[in-house]
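Chemist:
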Amino acid sequence: VNRWQPGEVVMGVIPAEEWVGPAAMPDTYQLQLGVYDPASSTGELDRLAPNGQPQGQFMTFAATQQGHTSDKRLPIPDDVVQITPDVRVYLPPPHEAVEQGGSLVTTLLWYLEDSFTTGEFVVRWRTLDNAQVVAESALPLPSGRPLAAWPRHDWLRHVVRLRVPADLPAGDYLLALEPLDNDQQRGVNPIRRRITVTASTRRFTPPDLAQPFDVALFRTAEPATAQLRLLGLVTPAPTVIDVNTPITVTLAWQLPETASTPTVDLATSVQLLDQANQPVTQSDGMPGGATSALLPGQVLTQTVTLPGVPAPGTYRLIVATYDPQPPGNPRLVTATGEDFVELVSSLWVP
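Reading the sequence shown from the start, the letters are residues 15 to 364 in the numbering used here.
#1: Please state whether DSSP places Ala-325 in a helix, a strand or coil.
#2: Thinking C-beta only, is Leu-244 closer than 7 Å to Thr-275?
#3: State buried or exposed for Thr-132, treating a residue as buried only when at least 16 other CB atoms are found within 10 Å of its CB.
#4: Under three-state DSSP, which class holds Trp-33?
#5: Of all the options Arg-166, Val-263 and Leu-122, which has the alpha carbon lying nearest to the alpha carbon of Leu-223?
#6: Which partner residues of Leu-123 appear in the DSSP bridge assignment?
#7: Have a look at Ala-325, Tyr-329, Asn-291 and Thr-272 and flag the residue whose alpha-carbon is nearest the alpha-carbon of Gly-311.
#8: Which residues does DSSP pair with Ala-266 in a beta bridge?
#9: Less than 7 Å separating the beta-carbons of Leu-155 and Val-137?
#10: Determine the DSSP secondary structure at Thr-234, reduced to helix, strand or coil.
#11: I'd like the span of the beta strand (DSSP E) that includes Met-73, first residue to last.
#12: Per the DSSP calculation, Glu-356 is bridged to which residue(s)?
#13: If you draw a straight line from the C-alpha of Pro-260 to the C-alpha of Pro-64, how long is it?
#14: Counting beta carbon pairs with one atom in the stretch 346 to 358 and one in the stretch 325 to 338, are three or more of them shorter than 8 Å?
#15: According to DSSP, is Pro-156 part of a helix, a strand, or is it coil?
#16: Take Val-49 and list the residues in its own chain whose beta-carbon comes closer than 6 Å to its own, dropping the five residues that flank it on each side.
#17: Can you check DSSP and say which residues form a bridge with Val-363?
#18: With a cut-off of 7 Å, does the C-beta of Phe-135 fall near any C-beta of chain C?
#19: Per DSSP, what are the beta-bridge partners of Leu-59 in this structure?
#20: Tell me whether the beta-carbon of Gln-371 lies closer than 7 Å to the beta-carbon of Pro-29.
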(Lines of atoms letter the chains of each structure in order from A; the text may use other names.)
(Lines give C-alpha, C1' and ligand atoms only; values in the text may rest on other atoms or scores of the structure.)
Protein backbone atom coordinates (compact mmCIF):
# COMPACT_ATOMS: atom_id res chain seq x y z
CA VAL A 15 0.00 0.00 0.00
CA ASN A 16 2.97 2.34 0.36
CA ARG A 17 2.99 2.52 -3.45
CA TRP A 18 -0.66 3.49 -3.84
CA GLN A 19 -1.67 6.96 -4.93
CA PRO A 20 -4.29 9.02 -3.00
CA GLY A 21 -7.75 8.10 -4.27
CA GLU A 22 -6.47 5.08 -6.19
CA VAL A 23 -8.83 2.08 -6.42
CA VAL A 24 -7.11 -1.29 -6.18
CA MET A 25 -8.85 -4.56 -7.01
CA GLY A 26 -7.67 -8.05 -6.19
CA VAL A 27 -8.96 -11.58 -6.61
CA ILE A 28 -8.65 -14.19 -3.89
CA PRO A 29 -9.24 -17.74 -5.22
CA ALA A 30 -12.04 -19.54 -3.42
CA GLU A 31 -9.72 -22.32 -2.33
CA GLU A 32 -7.67 -19.79 -0.35
CA TRP A 33 -10.54 -18.35 1.69
CA VAL A 34 -12.83 -21.37 2.00
CA GLY A 35 -10.28 -24.19 1.73
CA PRO A 36 -10.17 -27.40 -0.32
CA ALA A 37 -13.22 -29.62 -0.89
CA ALA A 38 -15.58 -26.89 0.38
CA MET A 39 -19.31 -27.30 -0.16
CA PRO A 40 -21.32 -24.99 -2.43
CA ASP A 41 -22.86 -22.60 0.07
CA THR A 42 -23.15 -18.99 1.21
CA TYR A 43 -20.35 -18.14 3.62
CA GLN A 44 -19.91 -15.24 6.04
CA LEU A 45 -16.51 -13.61 5.64
CA GLN A 46 -14.87 -11.21 8.07
CA LEU A 47 -12.45 -8.65 6.63
CA GLY A 48 -10.00 -6.66 8.69
CA VAL A 49 -6.95 -4.53 7.91
CA TYR A 50 -3.94 -4.36 10.19
CA ASP A 51 -0.46 -2.91 10.29
CA PRO A 52 2.04 -5.72 11.00
CA ALA A 53 4.55 -3.18 12.28
CA SER A 54 2.12 -1.63 14.77
CA SER A 55 1.48 -2.77 18.33
CA THR A 56 -2.15 -1.60 18.20
CA GLY A 57 -3.20 -4.31 15.74
CA GLU A 58 -6.22 -3.88 13.48
CA LEU A 59 -7.30 -0.56 11.99
CA ASP A 60 -10.73 0.93 12.69
CA ARG A 61 -13.35 0.94 9.95
CA LEU A 62 -14.87 4.42 9.51
CA ALA A 63 -18.25 5.51 8.15
CA PRO A 64 -18.37 8.38 5.59
CA ASN A 65 -18.98 10.80 8.48
CA GLY A 66 -15.87 9.55 10.27
CA GLN A 67 -17.71 7.50 12.91
CA PRO A 68 -15.83 4.32 13.93
CA GLN A 69 -17.69 1.12 13.03
CA GLY A 70 -15.46 -1.51 14.57
CA GLN A 71 -12.37 -3.23 13.26
CA PHE A 72 -13.98 -5.80 10.97
CA MET A 73 -16.50 -5.90 8.16
CA THR A 74 -18.68 -8.98 7.72
CA PHE A 75 -20.19 -9.84 4.36
CA ALA A 76 -21.69 -12.83 2.56
CA ALA A 77 -20.01 -14.66 -0.32
CA THR A 78 -21.74 -17.38 -2.32
CA GLN A 79 -19.60 -20.23 -3.61
CA GLN A 80 -21.52 -21.76 -6.53
CA GLY A 81 -19.49 -24.96 -6.93
CA HIS A 82 -17.32 -27.06 -4.68
CA THR A 83 -13.60 -26.39 -4.52
CA SER A 84 -11.01 -28.96 -5.57
CA ASP A 85 -10.17 -31.81 -3.22
CA LYS A 86 -6.60 -32.23 -4.54
CA ARG A 87 -5.00 -30.64 -1.46
CA LEU A 88 -7.30 -32.39 1.03
CA PRO A 89 -5.56 -35.08 3.11
CA ILE A 90 -7.78 -38.17 3.35
CA PRO A 91 -7.53 -40.12 6.64
CA ASP A 92 -7.02 -43.87 6.62
CA ASP A 93 -10.09 -44.68 8.72
CA VAL A 94 -12.77 -43.52 6.28
CA VAL A 95 -15.94 -45.61 6.66
CA GLN A 96 -18.04 -47.05 3.82
CA ILE A 97 -21.22 -46.08 5.65
CA THR A 98 -23.46 -47.40 2.84
CA PRO A 99 -22.56 -49.12 -0.46
CA ASP A 100 -22.50 -45.77 -2.27
CA VAL A 101 -21.39 -43.31 0.47
CA ARG A 102 -18.06 -42.98 2.27
CA VAL A 103 -17.75 -40.72 5.33
CA TYR A 104 -15.09 -39.70 7.79
CA LEU A 105 -16.06 -38.48 11.28
CA PRO A 106 -13.02 -37.40 13.32
CA PRO A 107 -12.83 -38.74 16.88
CA PRO A 108 -13.75 -36.04 19.44
CA HIS A 109 -10.59 -35.01 21.29
CA GLU A 110 -12.33 -33.11 24.07
CA ALA A 111 -15.29 -33.67 26.35
CA VAL A 112 -18.45 -31.64 25.71
CA GLU A 113 -20.94 -30.18 28.16
CA GLN A 114 -24.60 -31.03 28.53
CA GLY A 115 -26.46 -28.66 26.21
CA GLY A 116 -23.19 -27.59 24.59
CA SER A 117 -22.12 -28.05 21.01
CA LEU A 118 -19.46 -29.98 19.16
CA VAL A 119 -18.06 -28.42 16.00
CA THR A 120 -16.57 -31.08 13.75
CA THR A 121 -15.64 -31.57 10.10
CA LEU A 122 -17.13 -34.45 8.12
CA LEU A 123 -15.64 -35.70 4.86
CA TRP A 124 -18.06 -37.18 2.30
CA TYR A 125 -17.63 -39.11 -0.94
CA LEU A 126 -20.73 -40.01 -2.98
CA GLU A 127 -20.68 -42.60 -5.76
CA ASP A 128 -22.59 -42.16 -9.00
CA SER A 129 -25.00 -44.85 -7.82
CA PHE A 130 -26.16 -42.72 -4.88
CA THR A 131 -29.69 -41.44 -5.49
CA THR A 132 -31.25 -40.57 -2.16
CA GLY A 133 -30.77 -41.03 1.54
CA GLU A 134 -30.83 -39.26 4.89
CA PHE A 135 -28.45 -39.48 7.80
CA VAL A 136 -29.01 -38.76 11.48
CA VAL A 137 -26.90 -38.18 14.57
CA ARG A 138 -27.64 -40.62 17.38
CA TRP A 139 -26.34 -40.73 20.93
CA ARG A 140 -26.02 -44.34 22.08
CA THR A 141 -25.11 -45.92 25.39
CA LEU A 142 -21.59 -47.26 25.66
CA ASP A 143 -22.50 -50.68 27.05
CA ASN A 144 -25.36 -51.83 24.79
CA ALA A 145 -25.54 -49.12 22.08
CA GLN A 146 -29.13 -48.20 22.90
CA VAL A 147 -30.33 -44.92 21.38
CA VAL A 148 -30.90 -42.25 24.05
CA ALA A 149 -31.15 -39.19 21.78
CA GLU A 150 -31.39 -38.45 18.07
CA SER A 151 -31.30 -35.38 15.83
CA ALA A 152 -31.23 -34.62 12.12
CA LEU A 153 -27.84 -33.98 10.55
CA PRO A 154 -27.56 -30.27 9.63
CA LEU A 155 -26.81 -29.84 5.93
CA PRO A 156 -25.29 -26.80 4.16
CA SER A 157 -28.07 -24.41 3.08
CA GLY A 158 -30.54 -27.25 3.58
CA ARG A 159 -29.17 -28.85 0.39
CA PRO A 160 -30.15 -32.59 0.31
CA LEU A 161 -27.42 -35.15 -0.27
CA ALA A 162 -28.99 -36.08 -3.61
CA ALA A 163 -27.98 -32.61 -4.90
CA TRP A 164 -24.34 -32.94 -3.84
CA PRO A 165 -21.55 -33.49 -6.41
CA ARG A 166 -20.32 -37.02 -7.10
CA HIS A 167 -16.81 -38.50 -7.33
CA ASP A 168 -15.15 -35.75 -5.28
CA TRP A 169 -14.45 -35.47 -1.59
CA LEU A 170 -16.52 -32.80 0.14
CA ARG A 171 -15.73 -31.10 3.45
CA HIS A 172 -18.74 -30.43 5.67
CA VAL A 173 -18.28 -28.37 8.87
CA VAL A 174 -21.17 -29.04 11.23
CA ARG A 175 -22.20 -27.99 14.74
CA LEU A 176 -23.77 -30.87 16.68
CA ARG A 177 -25.83 -29.94 19.73
CA VAL A 178 -25.48 -32.10 22.84
CA PRO A 179 -28.94 -32.75 24.37
CA ALA A 180 -29.29 -30.65 27.52
CA ASP A 181 -30.98 -33.51 29.41
CA LEU A 182 -28.36 -36.13 28.50
CA PRO A 183 -26.82 -37.41 31.77
CA ALA A 184 -23.09 -36.90 32.15
CA GLY A 185 -21.03 -39.92 31.13
CA ASP A 186 -19.47 -41.72 28.17
CA TYR A 187 -21.46 -42.36 24.99
CA LEU A 188 -21.16 -43.43 21.39
CA LEU A 189 -21.69 -40.55 18.97
CA ALA A 190 -23.09 -42.24 15.87
CA LEU A 191 -23.63 -41.04 12.31
CA GLU A 192 -26.08 -43.44 10.68
CA PRO A 193 -28.59 -43.73 7.85
CA LEU A 194 -32.05 -42.67 9.00
CA ASP A 195 -33.47 -46.13 8.34
CA ASN A 196 -30.41 -47.91 9.66
CA ASP A 197 -32.37 -50.88 11.03
CA GLN A 198 -34.05 -51.57 7.68
CA GLN A 199 -30.97 -51.35 5.42
CA ARG A 200 -28.44 -53.98 4.51
CA GLY A 201 -24.82 -53.23 3.89
CA VAL A 202 -24.70 -50.25 6.26
CA ASN A 203 -21.70 -49.56 8.45
CA PRO A 204 -22.54 -46.77 10.92
CA ILE A 205 -19.78 -44.55 12.28
CA ARG A 206 -19.52 -44.55 16.06
CA ARG A 207 -17.09 -42.48 18.09
CA ARG A 208 -16.66 -42.52 21.84
CA ILE A 209 -17.38 -39.17 23.46
CA THR A 210 -17.52 -37.89 27.04
CA VAL A 211 -20.36 -35.64 28.17
CA THR A 212 -19.67 -33.59 31.29
CA ALA A 213 -22.03 -31.80 33.66
CA SER A 214 -23.05 -28.35 32.50
CA THR A 215 -21.22 -25.30 33.83
CA ARG A 216 -23.85 -22.99 32.39
CA ARG A 217 -25.25 -20.35 34.70
CA PHE A 218 -28.96 -19.62 34.89
CA THR A 219 -28.96 -17.49 38.04
CA PRO A 220 -27.99 -13.82 37.54
CA PRO A 221 -24.99 -12.58 39.53
CA ASP A 222 -25.27 -9.80 42.08
CA LEU A 223 -25.53 -6.54 40.16
CA ALA A 224 -24.01 -3.22 41.17
CA GLN A 225 -26.13 -1.41 38.57
CA PRO A 226 -29.24 -3.31 37.38
CA PHE A 227 -30.81 -2.37 34.02
CA ASP A 228 -32.97 -5.34 32.93
CA VAL A 229 -33.41 -4.09 29.35
CA ALA A 230 -34.88 -6.40 26.71
CA LEU A 231 -33.47 -6.12 23.19
CA PHE A 232 -35.46 -6.86 20.04
CA ARG A 233 -35.00 -7.10 16.30
CA THR A 234 -36.72 -4.15 14.64
CA ALA A 235 -38.76 -6.39 12.34
CA GLU A 236 -39.99 -8.66 15.12
CA PRO A 237 -40.39 -6.64 18.30
CA ALA A 238 -42.62 -9.22 19.99
CA THR A 239 -39.75 -11.60 20.78
CA ALA A 240 -36.79 -10.44 22.84
CA GLN A 241 -33.48 -11.75 21.47
CA LEU A 242 -31.32 -10.86 24.47
CA ARG A 243 -31.59 -9.09 27.80
CA LEU A 244 -29.03 -6.79 29.42
CA LEU A 245 -29.36 -7.48 33.13
CA GLY A 246 -26.90 -4.83 34.29
CA LEU A 247 -23.35 -4.17 35.43
CA VAL A 248 -21.66 -6.57 37.84
CA THR A 249 -19.28 -3.86 39.07
CA PRO A 250 -20.04 -0.12 39.16
CA ALA A 251 -19.00 1.84 36.09
CA PRO A 252 -16.71 4.80 36.83
CA THR A 253 -18.09 8.33 36.65
CA VAL A 254 -14.72 10.10 36.99
CA ILE A 255 -11.43 8.93 35.47
CA ASP A 256 -8.08 10.49 34.66
CA VAL A 257 -6.84 11.11 31.13
CA ASN A 258 -5.50 7.96 29.41
CA THR A 259 -6.88 5.69 32.13
CA PRO A 260 -8.48 2.49 30.74
CA ILE A 261 -12.17 1.93 31.48
CA THR A 262 -13.29 -1.58 32.50
CA VAL A 263 -16.90 -2.72 32.86
CA THR A 264 -18.45 -6.16 33.37
CA LEU A 265 -21.90 -6.65 31.85
CA ALA A 266 -24.40 -9.42 32.61
CA TRP A 267 -26.56 -10.78 29.75
CA GLN A 268 -29.35 -13.33 29.63
CA LEU A 269 -31.19 -15.18 26.89
CA PRO A 270 -34.87 -14.73 27.85
CA GLU A 271 -36.73 -17.84 29.02
CA THR A 272 -39.28 -17.39 26.24
CA ALA A 273 -36.69 -16.97 23.49
CA SER A 274 -35.36 -19.64 21.20
CA THR A 275 -31.61 -19.95 20.74
CA PRO A 276 -30.46 -17.30 18.22
CA THR A 277 -29.35 -18.70 14.88
CA VAL A 278 -26.51 -16.16 14.65
CA ASP A 279 -23.84 -14.98 17.05
CA LEU A 280 -24.81 -11.48 18.11
CA ALA A 281 -22.09 -8.92 18.83
CA THR A 282 -21.78 -6.00 21.22
CA SER A 283 -20.10 -2.62 20.95
CA VAL A 284 -19.20 -0.72 24.11
CA GLN A 285 -18.54 2.91 23.16
CA LEU A 286 -17.51 6.13 24.85
CA LEU A 287 -19.30 9.05 23.17
CA ASP A 288 -18.25 12.69 23.17
CA GLN A 289 -20.56 15.71 23.37
CA ALA A 290 -21.34 15.33 19.64
CA ASN A 291 -22.34 11.67 20.23
CA GLN A 292 -19.34 10.45 18.24
CA PRO A 293 -17.39 7.43 19.55
CA VAL A 294 -13.94 8.38 20.78
CA THR A 295 -13.10 4.82 21.78
CA GLN A 296 -14.92 1.50 21.52
CA SER A 297 -14.58 -2.26 21.88
CA ASP A 298 -16.55 -4.83 19.88
CA GLY A 299 -16.95 -8.48 20.82
CA MET A 300 -19.37 -11.21 21.88
CA PRO A 301 -21.60 -10.88 24.96
CA GLY A 302 -19.56 -13.38 26.98
CA GLY A 303 -19.86 -16.21 24.45
CA ALA A 304 -21.50 -17.37 21.24
CA THR A 305 -25.23 -16.56 21.45
CA SER A 306 -25.98 -19.36 18.97
CA ALA A 307 -24.97 -21.83 21.69
CA LEU A 308 -27.14 -20.38 24.49
CA LEU A 309 -30.05 -22.10 26.19
CA PRO A 310 -33.19 -20.21 27.27
CA GLY A 311 -32.54 -18.50 30.60
CA GLN A 312 -28.76 -18.83 30.39
CA VAL A 313 -26.68 -15.99 31.84
CA LEU A 314 -23.35 -14.73 30.50
CA THR A 315 -20.94 -12.11 31.81
CA GLN A 316 -18.72 -9.98 29.59
CA THR A 317 -15.76 -7.91 30.76
CA VAL A 318 -14.75 -5.09 28.42
CA THR A 319 -11.79 -2.72 28.72
CA LEU A 320 -11.69 0.48 26.67
CA PRO A 321 -8.49 2.46 26.03
CA GLY A 322 -8.12 5.63 28.03
CA VAL A 323 -9.48 8.96 26.81
CA PRO A 324 -6.71 11.30 25.57
CA ALA A 325 -8.55 14.59 26.23
CA PRO A 326 -10.47 16.03 29.20
CA GLY A 327 -14.22 16.42 28.88
CA THR A 328 -17.60 14.89 29.66
CA TYR A 329 -18.54 11.64 27.95
CA ARG A 330 -21.29 9.00 27.85
CA LEU A 331 -20.74 5.25 28.05
CA ILE A 332 -23.13 3.08 26.01
CA VAL A 333 -23.46 -0.49 24.75
CA ALA A 334 -25.08 -1.50 21.46
CA THR A 335 -25.96 -5.04 20.38
CA TYR A 336 -25.98 -5.90 16.69
CA ASP A 337 -26.11 -8.66 14.09
CA PRO A 338 -22.67 -8.71 12.41
CA GLN A 339 -23.82 -10.66 9.34
CA PRO A 340 -26.19 -8.46 7.27
CA PRO A 341 -24.88 -5.35 5.52
CA GLY A 342 -24.98 -2.36 7.83
CA ASN A 343 -24.80 -4.54 10.96
CA PRO A 344 -28.37 -3.78 12.14
CA ARG A 345 -28.66 -3.12 15.84
CA LEU A 346 -31.14 -4.62 18.24
CA VAL A 347 -33.46 -2.07 19.82
CA THR A 348 -35.09 -1.56 23.20
CA ALA A 349 -38.85 -1.52 23.78
CA THR A 350 -38.75 2.27 23.29
CA GLY A 351 -36.87 2.04 19.99
CA GLU A 352 -33.40 3.04 21.20
CA ASP A 353 -30.58 1.16 19.47
CA PHE A 354 -28.27 1.31 22.49
CA VAL A 355 -28.36 1.18 26.30
CA GLU A 356 -26.77 3.99 28.28
CA LEU A 357 -24.44 2.65 30.96
CA VAL A 358 -23.12 5.99 32.27
CA SER A 359 -24.87 9.26 31.42
CA SER A 360 -21.98 11.50 32.48
CA LEU A 361 -18.37 10.36 32.74
CA TRP A 362 -16.03 13.22 33.62
CA VAL A 363 -12.38 13.28 32.59
CA PRO A 364 -10.75 16.27 34.39
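Ideal Cβ placement from N, Cα and C applies to all residues, glycine included.
Modeler: On the basis of the supplied data:
#1: coil
#2: no
#3: exposed
#4: helix
#5: Val-263
#6: Tyr-104 and Arg-171
#7: Thr-272
#8: Gly-246 and Thr-315
#9: no
#10: coil
#11: 72 to 79
#12: Ile-332
#13: 28 Å
#14: yes
#15: helix
#16: Leu-59
#17: Gly-327
#18: This model lacks chain C altogether; it includes just one protein chain.
#19: Leu-59 is not bridged to any residue.
#20: Since the first and last residues shown for the chain are 15 and 364, residue 371 lies out of range.
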